[in-house]
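Engineer:
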Amino acid sequence: MAPEDLALKEVALVYLDRTGGLHKFISDCRRYSDSKQCRAVYRFIIYVNPADLTELDARLGNCVLHQPIRATYLFQSVCFTSIKTLSLIPQLETENQVNVVLKLTHLPPLPNYSLNLCQFPRGYQLLRYYKVEGVVIAVTTVTKYTQGARFLCSESSCPFSTGFRYIRVHTVGATESATVRKDFTCTLCNSPLKEDVKFRVLGDKQLVEMIDTAALDVIKGNQVNKSCSRYQSFTVFLRDELPNRMKMGDRYYVTGIPTHVFSGSQLTLCLEANTIQPWLSNDPPFISDNFKCLLSVTMSSPWRFTSVLADIFAAQIVPPGTYNILKLGLLLSLVQTSNNEKKSMEHLDLLIATNDPVTVDRLLRYSLSLVPFGVQHLPSYEIFATVSKDEHGTGTAKVQAGSALLAKGGICYIGELLSLRKEAFKLLQTVLETRNITVFISGKKFGEDVDQQMTFPIQCNFWALTDANTHLKKAGQQGDAVIGSVDLSSVPANLADGFDLMIYCSESSDYHSPMNLIQHKLNEAMHQGKPLYPALQQFTTQDYKELLAFARNQEAALTIKAERLIQGYYTASRRVRTDPIHGSKISPTALKTLMFLSEAHTKLSLRDKILEQDAVIAILLYEISITARYGASVLCVAPNAIFRFDRCDRHSLNQRDIYLAQFHQQLLQFCSTYAPGMSLHFAEE
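The opening residue of the sequence shown carries number 2 in the working numbering; numbering runs sequentially from there.
So, in C-alpha cells, the structure goes:
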C-alpha cells in the first residue's frame with residue numbers, strides 16, 4: 002500500500018470520528034449483524050461535507066471532489082478495517098463486500114463545478130462531481146437494478162468456487178450488463194465464473210429527464226437569442242433512496258457524475274445523481290420605490306392601488322385604460338400562483354372571449370413572462386401527460402410531462418381553446434374539476450406483470466382564449482338572446498363552466514374607442530424600443546415581477562364580515578339564478594372562487610386581512626363573468642362596472658370609490674332580500 006493512501010485513510014477515519022459518521026456507521030453495522038443473514042454486499046452511506054473535509058486535509062478533500070472512485074476505495078478500506086477490528090459484522094469475509102456510497106452535502110460554489118449543458122464542447126468530461134440545475138419533464142416507472150452480485154468459479158476443485166472472492170458492485174455510469182455478465186473468468190484457474198443468484202442484491206432505479214433552466218424562456222414563448230435557442234434534455238439516473246424524490250414540473254439542483262451511455266448506435270450524456278436539492282426561489286422581499294410611493298398616495302381607499310395597477314399594466318402591449326377588467330383578472334390570477342411545495346395552490350382559471358384575439362394574445366403572452374413557471378401551450382404538443390417507451394434500453398414506461406405539468410406553480414396558457422383536439426377537450430374538462438391527471442401504463446406493453454396507473458396533481462392556473470367574432474354574429478341573429486350574455490355555443494357549456502372566470506373584452510367593451518388601440522400600434526411601429534407612456538418609465542416590467550413575487554408570498558386572513566358577505570351573495574345568487582328545469586346556474590365551486598378572488602385582491606393590495614371591500618371586487622368580477630355567461634340578474638351589473646371612468650386621475654378615482662361604495666350597499670340589500678336566512682349577519686343600514 003502506498004504511504005500516501007495510508008495517510009489519507011487515517012485522515013478519513015479521523016473525519017468520520019469527528020463528524021459523527023463513525024457512530025452512524027457502527028449503528029448500520031449492528032443492523033446488519035442483528036439480521037444474522039449473510040449478504041453478498043453490505044451497503045453504507047457516508048455523508049461528506051467537502052468544505053469541512055478540505056479544511057481537515059486538503060489532499061483528501063481534493064480526492065473526494067475530483068477522484069470519486071479513488072475516494073470511495075479509501076473509505077471502503079477504512080470501513081472494512083473498522084468492521085474487522087471491532088468485530089461488527091461476523092458474516093463479512095472480504096473487503097469487496099463493503100459497498101460504500103459517499104453522499105456530498107454540497108459542492109464548492111465555483112464555476113468549474115457547474116455543468117452548463119448549453120455550452121460546448123460537451124465531450125468527455127473528467128469523472129468527477131458537477132452540479133446541474135434543471136426542470137423535470139419526464140419520469141420513468143421505478144424498476145430494479147443489480148446493486149451487487151456474487152460470482153463463483155465453475156471449477157469445483159478451485160479454492161474460489163466458494164466464498165466471496167468475486168463480488169460485482171454497480172459503479173457510476175455502469176449498465177446492467179456491465180455489472181452482471183457471463184464472460185468473467187477466474188483469475189486463479191481461468192475457468193468461467195457463474196453467478197450465485199441467491200446472493201444477488203437488488204436496488205431501485207428510476208430515470209428522470211430534465212431540461213436546462215434556460216429553456217424556460219422558450220416554453221414561455223419568449224423570443225431568445227437565435228444562437229442560443231436550441232436546448233436538449235438530459236437524463237438523470239436515480240438509484241436506491243433517490244427514486245420518487247423528483248416530481249414533474251419541479252426545478253432541482255442535482256449533484257452527480259456525468260456519464261456516457263450507449264443506446265444502440267447512439268451515445269447519450271447522462272448524469273448519475275448523488276444528491277438532490279429542490280430549487281428555492283429568490284423572490285425579492287421588497288417592492289420598488291415607485292410602487293411604495295403609489296401605495297402611500299392611494300392608502301385613502303382600499304380599491305385605488307389595484308385600480309391604478311390594472312390601468313397602467315402592460316402598457317407595452319395596450320394603452321393605459323384599455324382592457325382594464327381583463328388586466329385586473331390577469332393580475333389576480335398571477336398573484337394566485339405559488340412556488341411553495343408545502344402550500345396547496347388556490348387556482349384561478351380564466352376564459353377570455355374577445356373579438357381582437359391578436360392583441361389579447363400578445364397581452365396574455367406578456368403576462369405569462371411575469372412568473373417563473375409559465376408555459377405557452379402549442380397545438381403540436383400535448384397538454385397533459387403521455388406515456389412512451391424509455392429510449393435508454395430499459396424497456397420501462399416513460400411518462401412525459403405536458404404543458405400543464407411543466408407549468409406547475411404557475412400559468413398554463415392554452416391559447417385558442419378551439420385549437421384543442423376533442424380528446425384534449427374532454428381531458429381539460431376533467432382536470433378543471435379534479436385538478437389531477439391519471440395515465441394508464443400497460444403492463445403487457447412495457448414488460449411488467451400488472452398494469453399501473455400514475456396520478457399527477459395539476460397545480461397551475463389555466464388561461465384560454467376564444468374568438469368571439471363568430472359568436473357575436475350568431476348572437477345578433479338571435480331574437481331571444483338573454484340581455485347581457487355572450488353566446489359561446491362553440492365552447493362546450495361544461496368546459497366553460499369549469500373556468501373560474503369568463504371575461505369578455507373587445508375594443509368597446511370598456512367604452513373605449515378602438516382608435517386608442519390603432520394609435521398605440523402605429524406609435525409602437527414608428528417608435529420601436531422607446532417608451533410610449535410615462536407609466537413605462539415609472540413602472541417597468543421588472544417592477545411588476547417584483548411586486549407579484551412579493552404579493553404571492555403574503556398571507557391573507559379572512560375577516561368575518563368579508564366571509565359573511567361572500568356567503569350571503571352566494572346563497573342569494575343561487576336562489577335568483579335558478580330555473581325549475583336546469584337548476585341553479587351558480588356552481589357549487591363558486592363559493593371557493595369568490596374566496597380565492599378576495600384573497601388575491603387582498604394580496605395584490607399588499608394587505609394581510611381580507612376586508613369587505615376585497616369581497617366587493619371579487620363579487621363584482623364574478624357577477625360580470627356570470628352575466629356574460631347567463632345574462633343579467635336583479636343586480637344589473639354593467640360590463641364595465643369595475644372601471645367606469647375613462648381616465649385614471651383623482652376625480653375619476655373618487656367617482657369610482659363612490660360607485661363601489663354604493664354597490665356595496667346594494668349588495669347588502671340584495672343579500673338580505675334574497676337570502677333572508679343570512680340577514681342576521683348584516684348590520685341595519
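Quick reminder that beta carbons are idealized off the backbone N, C-alpha and C, glycines included.
Nearest by alpha-carbon distance to residue 332: which of 606, 145, 34, 108 is it?
Structural biologist: The residue with the shortest Cα to Cα distance from residue 332 is 606.
Engineer: Measure the beta-carbon distance from residue 335 to residue 376 and round it to whole angstroms, keeping in mind my assumption that it falls under 8 Å.
Structural biologist: Not a contact, Cβ separation roughly 14 Å.
Engineer: What beta strand (DSSP E) runs, 3 residues minimum, are completely inside the region 248-304?
Structural biologist: 252-264, 267-279, all fully within the region 248-304.
Engineer: Could you spell out the range, first to last residue, of the alpha helix (DSSP H) harbouring residue 596?
Structural biologist: Per DSSP, residue 596 belongs to the alpha helix (DSSP H) from 591-605.
Engineer: Can you tell me whether residue 213 is buried or exposed? The criterion is at least 16 other CB atoms within 10 Å of its CB, across all chains shown.
Structural biologist: Burial call: buried.
Engineer: For the region 300-357, list the beta strand (DSSP E) runs that are entirely contained and at least 3 residues long, ordered along the chain.
Structural biologist: Whole beta strand (DSSP E) segments, 3+ residues: 351-355.
Engineer: Apart from the five residues just before and just after residue 295, which ones in its own chain have a Cβ nearer than 7 Å to its Cβ?
Structural biologist: For residue 295, where only same-chain residues beyond five positions count, the Cβ hits under 7 Å are 306, 309.
Engineer: Exposed or buried, which one is residue 19 when buried takes at least 16 other CB atoms within 10 Å?
Structural biologist: So residue 19 ends up on the exposed side.
Engineer: With DSSP run on the structure shown, which of helix, strand or coil describes residue 610?
Structural biologist: Strand at residue 610.
Engineer: From this set, 440, 216, 419, 435, which residue's C-alpha is nearest residue 468's C-alpha?
Structural biologist: The shortest Cα separation from residue 468 among 440, 216, 419, 435 belongs to 419.
Engineer: For residue 170 versus residue 275, is the C-beta spacing smaller than 8 Å?
Structural biologist: No. Outside cutoff.
Engineer: Please list, in chain order, all residues of the same chain as residue 39 whose beta carbon is under 6 Å from its beta carbon, the five residues on each side excluded.
Structural biologist: 92, listed in sequence order.
Engineer: Does residue 227 come out as helix, strand or coil in the three-state DSSP assignment?
Structural biologist: Bear in mind that the predicted position of residue 227 carries a pLDDT of just 49, short of 50, making it too unreliable to give a figure here.
Engineer: Using C-beta distances below 8 Å, list every residue in its chain close to residue 458, excluding the 5 sequence neighbours before and after it, in chain order.
Structural biologist: Correct list, in chain order: 436, 437.
Engineer: Among the residues of its own chain, which have a CB less than 8 Å from the CB of residue 480, if the five just before and after it don't count?
Structural biologist: Its pLDDT being 38, under 50, residue 480 is placed unreliably in this model, and the value from its coordinates should be taken loosely. Result list for residue 480: empty, nothing under 8 Å.
Engineer: Have a look at the DSSP bridge pairing and note the partners of residue 206.
Structural biologist: Looking at the DSSP assignment, residue 206 forms a beta bridge with 144, 240.
Engineer: Under 7 Å Cβ to Cβ from residue 71, same chain only, skipping five residues before and after it: list those, please.
Structural biologist: Around residue 71: 64.
Engineer: Taking 8 Å as the CB-CB limit, is residue 234 close to chain D?
Structural biologist: In summary, chain D is missing from the structure at hand, where a single protein chain is found.
Engineer: Which same chain residues, not among the five before or five after residue 299, have their C-beta less than 7 Å away from its C-beta?
Structural biologist: The residues are 305, 306, 309.
Engineer: Between which two residues does the alpha helix (DSSP H) carrying residue 465 extend?
Structural biologist: Where residue 465 is concerned, there is no enclosing alpha helix (DSSP H), although the beta strand (DSSP E) it sits in stretches over 462-468.
Engineer: For residue 256, I'd like the list of residues in its chain whose CB is within less than 7 Å of its CB, leaving aside the five on either flank, ordered along the chain.
Structural biologist: If we look at residue 256 and ignore the five residues flanking it on each side, its Cβ neighbours are 105, 108, 130, 132, 275, 276.
Engineer: Are three or more beta carbon pairs between the region 345-362 and the region 378-390 nearer than 8 Å?
Structural biologist: Touching, no.
Engineer: Beta-carbon separation of residue 14 and residue 69 under 8 Å?
Structural biologist: Cβ atoms of residue 14 and residue 69: not closer than 8 Å.
Engineer: I'd like to confirm the pairing. Which residues does DSSP put opposite residue 587 in its beta bridges?
Structural biologist: DSSP lists no partner for residue 587.
Engineer: How about residue 566 and residue 598: are their beta carbons less than 8 Å apart?
Structural biologist: Contact flag unset, no.
Engineer: Report buried or exposed for residue 59, applying the criterion of at least 16 other Cβ atoms within 10 angstroms of its Cβ.
Structural biologist: Classification for residue 59: exposed.
Engineer: Looking only at its own chain, which residues have a Cβ that is under 7 Å from the Cβ of residue 563, when we skip the five neighbours before and after it?
Structural biologist: For residue 563, where only same-chain residues beyond five positions count, the Cβ hits under 7 Å are 599, 611, 612, 613, 615, 616.
Engineer: For residue 592 and residue 578, I'd like the C-alpha separation in whole angstroms.
Structural biologist: The straight-line gap from Cα to Cα measures roughly 15 Å.
Engineer: In angstroms, rounded to a whole number, what distance separates the CA positions of residue 506 and residue 278?
Structural biologist: If I take the Cα positions, the gap works out to 44 Å.
Engineer: Where does residue 21 fall in DSSP's three states?
Structural biologist: Coil.
Engineer: Let me confirm a value: residue 472 is counted as buried when at least 16 other C-beta atoms fall within 10 Å, else exposed. Which label applies?
Structural biologist: At residue 472, the pLDDT of 48 sits below 50, so the modelled position is not reliable; the number obtained from the coordinates is stated separately. Buried is the call here.
Engineer: Is residue 558 helix, strand or coil when you go by DSSP?
Structural biologist: Residue 558: strand per DSSP, three-state reduction.
Engineer: Quick one, are the C-beta atoms of residue 233 and residue 141 less than 8 Å apart?
Structural biologist: Not closer than 8 Å, so no.
Engineer: Among 138, 201, 192, which one has its Cα closest to the Cα of residue 158?
Structural biologist: The candidate whose alpha carbon is nearest that of residue 158 is 192.
Engineer: Using only alpha-carbon positions, find the residue among 173, 153, 639, 79 that is nearest to residue 165.
Structural biologist: Nearest of 173, 153, 639, 79 to residue 165, Cα basis: 153.
Engineer: In the DSSP assignment, the alpha helix (DSSP H) including residue 63 goes from what residue to what residue?
Structural biologist: Here the alpha helix (DSSP H) through residue 63 covers 59-67.
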